[in-house]
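Here the structure comes first, spelled out in structure tokens, and everything after it is commentary.
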Amino acid sequence: MTTPSYEELKTWDHMHVWHPFTQMQEWLSEDPIMIARGEGNYLIDIHGNRYLDGVSSLWCNVHGHTHKDLNSHISDQLDRIAHSTMLGLANIPATTLAKKLVDLASDNLTRIFYSDAGSTATEIALKLSYQYWQLKNSPQKVKFVSLVGGYHGDTLGAVGVGYSELFHHYYQPLLPDTFRLSPPHIFRFYQGMTEGDAVFAATNEAQVLLSQHHREIAALIIEPLMQGAAGMWTHPISYLQALRDLTKQHDILLICDEVATGFGRTGKMFACSHADVQPDVMCVGKGLTGGYLPLAVTFTSEEIFSAFLAPHHEFKTFFHGHTYTGNPLACAAALANLEIFEEDQVLGQIAPRIAQLKERLQTDFTGLVHVADVRQCGLMVGIELMRNTKPKTSYKPEDRIGLKVATEARKEGVMIRPLGDVIVLMPPLSISSDEMTLLLDVTHHSIQKVTCQAS
Ligand SMILES: Cc1ncc(COP(=O)(O)O)c(C=O)c1O
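One rule links them: number in my numbering = place in the sequence shown (from 1) + 20.
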């Protein structure tokens, strides 16, 4: 098959493709970067330009692109079968993967439900939790609690528990009433407080809400330790632990959405393990297949699973499924991903990279004039830019500061994508020391150049 020319591709893209989270009027006025290949931690465009993948292709890639073991596992599976349904059938990779994932997760999570995106994993978590209480004769438990700034995907249920003025305001009338808690995110909500005082205040707020409304609450959903799409908001381990205690105390299910934080991104396989927290439900996606193929999983406890067991005619079944549920090819990629974690002892290997990142962020970034806050959890980083840091004054949305920094970085061969004025760094776990230095050097230089010009 001959590859079309860049000009042809650009025309077809501009004529036919609607890009996600993209103002298409802006997109149509630009020349798109057309990715042709990947190699290790680099993306390579159709002209042969190389870009360090500084956000792991939207927080997905784990061990680098075109990894030989991942490629060969997928290709071996392709020679067997690409897809068969899980409605009425099992398949070898999906069954094997279920066993491996359950062995990795906290002891109480013994059952997994497959789907194909982070949004579907959280949608399933919400539906399962909701139905669980109906089946347990508590039909009044119909509401959810989530965190201000929480993001759990773009399907309607997930949007309902998410909270973003920008992303969600058009859909408000379609969304269920959800209780919100302010997380102990000091930069926005608890300015001037110590971390301990902020956790105390946020926990208090949770305690009041849950004790007043527990009879109507089915579950509390949280992105553990790092609220990614909000703009990389970190919260301490003790807050997650406090929410686990409170939800247990008040008979409320705890759903941990590890779609972004899972598979080593925080330095451990799952963020919950930093806190020794066992959620009732856990969602994973993104890095599950090493960032290769769409696959997601919703874990649940045996207690939840068993509530759905009954003779067929009682109709307690979980009536939910997707066409590609448990797709063998994606499950083979996930199996290869887990094998690489084990064989290369990846979690041990990334500790020096996390330390390198921390050191550079502290020494070089925190003192920059327009850097208002630097937040890190493992290999997840948010660098928040402001026009003035004292007193805090944001840039105007039309200044597009975050976007300008990312554009500048691209010119120097580094691909990053901001969240508003927060510069996000989330390199693949396979990033080398030199590549980390490049990522930080280019980001530093781009921030300085763009913020200097803007002031
Ligand atoms: C915490 C979290 N949950 C859910 C999602 C949605 O995942 P997907 O885009 O695969 O539907 C995301 C995506 O960024 C996420 O960060």
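No residue lacks a Cβ here, since even glycine has one placed at the ideal position from N, Cα and C.
The three-state secondary structure of residue 421, taken from DSSP, is helix. Counting the other Cβ atoms within 10 Å of the Cβ of residue 101 gives fewer than 16, which makes it exposed. The set of residues with any CB-heavy atom separation to ligand 1 below 5 Å comprises, in chain order, 137, 138, 139, 172, 173, 243, 248, 277, 279, 280 and 305. According to the DSSP assignment, residue 148 belongs to the alpha helix (DSSP H) that extends over 138-155. Listed in chain order, the beta strand (DSSP E) runs fully inside the segment 382-421 are 391-397 and 400-405, counting runs of at least 3 residues.
By the Cβ criterion, the segment 304-320 is in contact with the segment 132-144, since at least three pairs of Cβ atoms, one from each stretch, lie closer than 8 Å. Secondary structure note for residue 59: its beta strand (DSSP E) is the uninterrupted segment 55-59. At the C-beta level, residue 244 and residue 292 come within 8 Å of one another. Put simply, of 82, 96 and 148 the residue whose alpha carbon is nearest the alpha carbon of residue 339 is 148.
Under the 8 Å Cβ criterion, the segment 201-210 counts as touching the segment 154-171, having at least three qualifying pairs. Following the DSSP letters along the chain, one finds residue 206 inside the alpha helix (DSSP H) bounded by residues 206-209.
Going by DSSP, residue 130 is part of no alpha helix (DSSP H) but of the beta strand (DSSP E) stretching over 129-135.
Assignment of residue 41 by DSSP, reduced to helix, strand and coil, places it in the coil class. About 12 Å separates the CB atoms of residue 359 and residue 96; that is not less than 8 Å, and the two are not in contact.
For residue 316, the enclosing beta strand (DSSP E) has its first and last residue at 316-321.
Burial is judged here by how many other beta carbons sit within 10 angstroms of a residue's own beta carbon; residue 300 has at least 16 and is buried. For residue 195, the secondary structure class from DSSP, reduced to helix, strand or coil, is coil.
Boundaries of the beta strand (DSSP E) around residue 70: 70-73. In the three-state reduction of the DSSP assignment, residue 35 falls in the helix class. For residue 302, the enclosing beta strand (DSSP E) begins and ends at 301-304.
Contact annotation: residue 93 and residue 353 have beta-carbon atoms nearer than 8 Å.
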